[in-house]
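J.: Residue numbers (the numbering used here): 37 to 789.
Right under this line is the structure:
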């Protein structure tokens, strides 16, 4: 039976006519794929080339494909058609690459399933079903919750690794319709949504007492205008059979700045400890609501289309149960604050595309199908990776990169918006974080570089007196970051099935001692790069003379046969250390040297918002040369650096696209730019031999780059511009060691802001 009630007409459309059964291998392939959804879309078996469509005598499947893709597929216009499948939804999605005079474009279908039509034995049945376009099936979301609790147990509801026992200060009691302080045993549901541009009522010191009165948050109380999304979430909590709701605008006292700071620091724990999180992914603002809960919220619009492949074979296309392959991202998915809310939630009830989905650590369930899925399990793997004693630096870098592309209404919130993630990693990094950069590898962390063009973050309001958006940290810039910039810090990994090592061959050595400070005249606080200190102690000569740190054991690094597990290069590629190490918590991994592991609990002051860093270093001046286009890397702007005689020195990757590239007036070709040296780097000249399609360095293929030995050595330099005594970062570059050392360098104290 289909789940369609009399309260709304089913929004479907029949776009293709049935055809008589005939021999057609394309139709047979489509039917086979619909009956057995695939998991490896790149495999040739799961592709349909347009030549097959054209050479087939069948007049029907081209019409079907054109209807599903929503494009007129004329002969010689479609390059190929690929069949994808997102695990767990027991469905397929079809993608076509279409050629036109404007170039190539891609088109994608919705979720496709064979449609079940009763018990008609003449029809080929499938898992697909028709749903009510206006209303979610009554009781469905509660059944999902109870099913997860019954089947998955602690896998989806285990005690949080991120602040076990931490409770929010306030929650909404949806029965009493007011704010209450939760007891340690109270379970609550969290809400993730966007505030948008509409006025949003907030709890403040002058109204928090009033909001504790029963019915103060009731729908009939016009004195307290609760946004529709929060109002609908309160109804959804009751529908789920729960009592308490946490939402930021009401459950954080917005002008109690000390308490607000505590709540922001606890954000990972608040979402991780929630029974589940309601996600209003369709919302453009706080008044968008959670449509589709019958008699509780406004109706939704869930669209389905019915297609016919052959006589007796119907396909239902559901538009929007999961994000479309080429759909525009929702506002929720692009907001900075929502990133960590999603990552740390253990169970999620997602309102998106007019549909509702359940995503937990074990399964993903949607209205048109319930089957095993990998999305939630992947998120469980993320939480497990974060909680391992040996930190996962690659995961941290990836999470920062994903977050840094997102939008913030107030750019000055850039650090606060990821505080939950950084706090989760802090117990694994001795020294914590300095304005978003891990102190333990600061000499490498400060070498982050843009993947494409960045935008400088500027405070949106002048009321913030403690704005921390330094130019030397990623938090000072919005945009994508190079995913491999911190790879040299992974040179401690020898072999592992659960983490990456230093896949590339570039290595970094510190050149300066960094300190942080609050203002230019304040006392400086040294930043200890403890990972490098351990590398020198345990991976150098006479490393066996140093006793192992607690939890670590030392082993002889005997050569392995080629059939054994892959071994990453160590701190000095081509010259492996004599020993490797293992940690008690991770016996399946081997390490070239141990790294310092702090206590399991965060230490006070390990999250430092520092506007300034400083060091003693050297500077010289260079000139802008030609634009460099790396062979195997796209995005951003790279220019050559040349000295006063036009001798090539190296390359500089700019953070912002200069207007002189578009005919502007900021041409610096005749103006010297200040470069300050901050680290030493090296990479073997034969690196391309081992990684033939890897862009070793931006300047690797430049014809003027010196190639004088087995190893290419260089200095990392920052392009800085000064305002008084403080310099500001504008780009990161590399200059060849010998060419740089003959320049007119001078020693300076560098203060970066």
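Using N, Cα and C, we set each Cβ at its ideal position, and we do this for glycine too.
Establish whether the CB of residue 433 and some CB of chain B are separated by less than 9 angstroms.
T.: Considering every chain present, this structure includes no chain B. It has just one protein chain.
J.: Would you mind sorting residue 648 into buried or exposed? The rule is 16 or more other CB atoms within 10 Å of its CB.
T.: Within the chain shown, residue 648 is the residue found at index 612, counting from 1. For residue 648, the number of other beta carbons within 10 angstroms of its own is at least 16, and it is reported as buried.
J.: Given this structure, state the Cα-to-Cα distance separating residue 740 from residue 517, to the nearest angstrom.
T.: Stepping through the chain shown from its first residue, residue 740 is reached at position 704. Stepping through the chain shown from its first residue, residue 517 is reached at position 481. Near 27 angstroms, if we compare the C-alpha coordinates of residue 517 and residue 740.
J.: List the endpoints of the continuous beta strand (DSSP E) containing residue 625.
T.: Numbered from its first residue, the chain shown carries residue 625 at position 589. Per DSSP, residue 625 belongs to the beta strand (DSSP E) from 622–627.
J.: Cβ-heavy atom distance between residue 669 and the ligand SAM below 8 angstroms?
T.: Absence of the ligand SAM from the depicted structure is noted, as is the absence of any ligand whatsoever, leaving it without description.
J.: Do residue 368 and residue 322 have their CB atoms nearer than 9 angstroms?
T.: Position 332 of the chain shown, counted from the first residue, corresponds to residue 368. Position 286 of the chain shown, counted from the first residue, corresponds to residue 322. No; because the gap between Cβ atoms is not below 9 angstroms, this pair is not in contact.
J.: When you compare each of 627, 537, 555, 536 to residue 574 by their alpha carbons, which one comes out closest?
T.: The residue you call residue 574 lines up with position 538 of the chain shown. For the residues 627, 537, 555, 536, the minimum Cα distance to residue 574 belongs to 627.
J.: Please state whether the Cβ-Cβ distance between residue 472 and residue 451 is less than 9 angstroms.
T.: The residue given as residue 472 occupies position 436 in the chain shown. The residue given as residue 451 occupies position 415 in the chain shown. Cβ atoms of residue 472 and residue 451: closer than 9 angstroms.
J.: When you compare the CB positions of residue 756 and residue 765, do they come within less than 9 angstroms of one another, or not?
T.: The residue given as residue 756 occupies position 720 in the chain shown. The residue given as residue 765 occupies position 729 in the chain shown. Going by C-beta atoms, residue 756 is nearer than 9 angstroms to residue 765.
J.: Measure how close the beta-carbons of residue 178 and residue 277 come, nearest whole angstrom, since I'm counting them as under 8 angstroms.
T.: Stepping through the chain shown from its first residue, residue 178 is reached at position 142. Stepping through the chain shown from its first residue, residue 277 is reached at position 241. Confirmed, about 6 angstroms.
J.: To which residues of the same chain is residue 731 closer than 6 angstroms at the C-beta, ignoring the five residues directly before and after it?
T.: Stepping through the chain shown from its first residue, residue 731 is reached at position 695. In chain order, 666, 668, 669 place their CB closer than 6 angstroms to the CB of residue 731, counting only its own chain and leaving out the 5 sequence neighbours on each side.
J.: Leaving out the 5 sequence neighbours to the left and right, which residues in its chain are closer than 7 angstroms to residue 37 when beta-carbon positions are compared?
T.: Taking the first residue of the chain shown as 1, we reach residue 37 at position 1. Any reading at residue 37 is ruled out, since the residue's pLDDT is 36, under 50, leaving its predicted position unreliable.
J.: Just reading off the beta strand (DSSP E) that residue 384 is part of, what are its end residues?
T.: Locating residue 384 in the chain shown gives position 348, where the first residue counts as 1. In the DSSP annotation of this structure, the continuous segment of the beta strand (DSSP E) that includes residue 384 starts and ends at 384–388.
J.: Looking only at DSSP bridge pairs, what is residue 657 linked to?
T.: Within the chain shown, residue 657 is the residue found at index 621, counting from 1. Answer is 710.
J.: Taking the alpha-carbon of residue 235 as reference, which of 166, 320, 634, 533 has the nearest alpha-carbon?
T.: Numbered from its first residue, the chain shown carries residue 235 at position 199. Taking only the C-alpha atoms, the option nearest residue 235 is 320.
J.: So, residue 351 versus residue 120, is the Cβ gap smaller than 9 angstroms?
T.: The sequence position of residue 351 within the chain shown is 315, counting from 1. The sequence position of residue 120 within the chain shown is 84, counting from 1. Contact flag unset, no.
J.: Would you identify the three-state DSSP class for residue 325, choosing helix, strand or coil?
T.: Stepping through the chain shown from its first residue, residue 325 is reached at position 289. Here residue 325 sits in coil by DSSP.
J.: Where residue 576 and residue 592 are concerned, what is the direct C-alpha to C-alpha distance, given to the nearest angstrom?
T.: Counted from its first residue, the chain shown places residue 576 at position 540. Counted from its first residue, the chain shown places residue 592 at position 556. Cα to Cα, residue 576 sits roughly 14 angstroms from residue 592.
J.: Roughly how many angstroms separate the alpha carbons of residue 140 and residue 220, rounded to a whole number?
T.: The residue given as residue 140 occupies position 104 in the chain shown. The residue given as residue 220 occupies position 184 in the chain shown. Their Cα atoms are separated by approximately 57 angstroms.
J.: Would you please state the rounded distance, in angstroms, between the beta carbons of residue 543 and residue 607? I believe it to be under 8 angstroms.
T.: Here residue 543 is taken as the residue at index 507 of the chain shown, counted from 1. Here residue 607 is taken as the residue at index 571 of the chain shown, counted from 1. That belief holds up - the Cβ atoms of residue 543 and residue 607 are roughly 6 angstroms apart, short of 8 angstroms.
J.: Name the two residues that bound the continuous beta strand (DSSP E) containing residue 689.
T.: As a working mapping, residue 689 is identified with position 653 in the chain shown. Where residue 689 is concerned, the enclosing beta strand (DSSP E) stretches over 684–690.
J.: Find the nearest neighbour of residue 446 within the set 398, 511, 86, 657, judged by alpha-carbon distance.
T.: As a position in the chain shown, residue 446 is number 410, starting the count at 1. When only C-alpha atoms are compared, the closest one is 511.
J.: What residues in its chain sit with their C-beta under 8 angstroms from that of residue 247, if we drop five residues either side in the sequence?
T.: Sequence index remark: in the chain shown, residue 247 carries index 211 (1-based). Excluding residues up to 5 positions away in sequence, 214, 215, 239, 253, 260, 286 lie with their Cβ nearer than 8 angstroms to the Cβ of residue 247 in the same chain.
J.: Determine the burial state of residue 72: buried for a count of at least 16 other Cβ atoms within 10 Å of its Cβ, exposed for fewer.
T.: In the chain shown, the residue the question calls residue 72 occupies position 36. With fewer than 16 Cβ atoms within 10 Å of its Cβ, residue 72 is classed as exposed.
J.: Please look up how many angstroms separate the CB atoms of residue 326 and residue 402, rounded, as I've assumed it's under 8 angstroms.
T.: As a position in the chain shown, residue 326 is number 290, starting the count at 1. As a position in the chain shown, residue 402 is number 366, starting the count at 1. At roughly 16 angstroms, the Cβ-Cβ gap does not stay under 8 angstroms, so residue 326 and residue 402 are not in contact.
J.: Do you know offhand how far residue 303's Cα is from residue 315's?
T.: Along the chain shown, read from residue 1 onward, the residue named residue 303 stands at position 267. Along the chain shown, read from residue 1 onward, the residue named residue 315 stands at position 279. Looking at the two C-alpha atoms, the distance is approximately 16 angstroms.
J.: Identify, in the order they occur along the chain, each residue of the same chain with its Cβ nearer than 6 angstroms to the Cβ of residue 98, setting aside the five sequence neighbours on each side.
T.: Taking the chain shown and counting its residues from 1, one reaches residue 98 at position 62. Counting only Cβ-Cβ distances below 6 angstroms, and skipping sequence neighbours, we find 89.
J.: Determine the contact status of residue 104 and residue 118, defining contact as a CB-CB distance below 9 angstroms.
T.: Along the chain shown, one-based indexing puts residue 104 at 68. Along the chain shown, one-based indexing puts residue 118 at 82. No.
J.: Does the pairing of the region 339–346 with the region 203–213 give three or more beta-carbon distances under 8 angstroms?
T.: no
J.: Please list the segments of the alpha helix (DSSP H) lying wholly inside the region 160–222, counting only runs of 4 or more residues, in order along the chain.
T.: Correct list: 176–188, 190–193.
J.: Which stretch, first to last residue, makes up the beta strand (DSSP E) that contains residue 340?
T.: Here residue 340 refers to the residue found at position 304 of the chain shown. Boundaries of the beta strand (DSSP E) harbouring residue 340: 339–346, taken from the DSSP string.
J.: What span of residues does the alpha helix (DSSP H) with residue 438 cover, start to end?
T.: Taking the first residue of the chain shown as 1, we reach residue 438 at position 402. Segment 429–440, the alpha helix (DSSP H) holding residue 438.
J.: Does the region 392–400 come close enough to the region 178–194 that 3 or more CB-CB pairs lie under 8 angstroms?
T.: Touching, yes.
J.: Would residue 309 and residue 459 be called neighbours here (beta carbons separated by less than 9 angstroms)?
T.: Taking the chain shown and counting its residues from 1, one reaches residue 309 at position 273. Taking the chain shown and counting its residues from 1, one reaches residue 459 at position 423. No, the pair does not count as a contact, with Cβ atoms beyond the cut-off.
J.: State the Cα-Cα distance for the pair residue 60 and residue 66, rounded to the nearest angstrom.
T.: Along the chain shown, one-based indexing puts residue 60 at 24. Along the chain shown, one-based indexing puts residue 66 at 30. About 10 angstroms.
J.: Exposed or buried, what is residue 200 when buried is set at 16 or more other beta-carbons lying within 10 Å of its beta-carbon?
T.: Counting from 1 along the chain shown, the entry for residue 200 is found at position 164. Exposed: under 16 other Cβ atoms inside 10 Å.
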